[in-house]
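See the structure below:
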């Protein structure tokens, strides 16, 4: 048996989400159904809800510093060389 779920959503959020769903070729109903199935499978929210810090994380700060100081970087002549180095 089907049941109806109603939710109030900011119109801009709904529009942006519908645009993405359309590009994926699925309806909002299908997307919500997929989300609810994932809740069941994961026995909880299927992603980790987190608060975004104003500051980058320590790991991100270190990565930014490494790039700015050209530390631990490898240059490749082309993508084939890079993939070979990565063993792919």
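Residue numbers (the working numbering): 534 to 621. C-beta atoms are modelled at their ideal positions from N, C-alpha and C, and glycine is treated no differently.
Range of the contiguous alpha helix (DSSP H) that encloses residue i
i           : result
residue 619 : 612-619
Three-state secondary structure (DSSP) of residue i
i           : result
residue 555 : helix
residue 540 : coil
Contact test: residue i Cβ vs the ligand SAH heavy atom, cutoff 6 angstroms
i           : result
residue 544 : Among the components of this structure there are no ligands whatsoever, and the ligand SAH is therefore not found.
- Unbroken stretches of the alpha helix (DSSP H), 4 residues or longer, contained in the segment 557-609: 561-575 and 591-601
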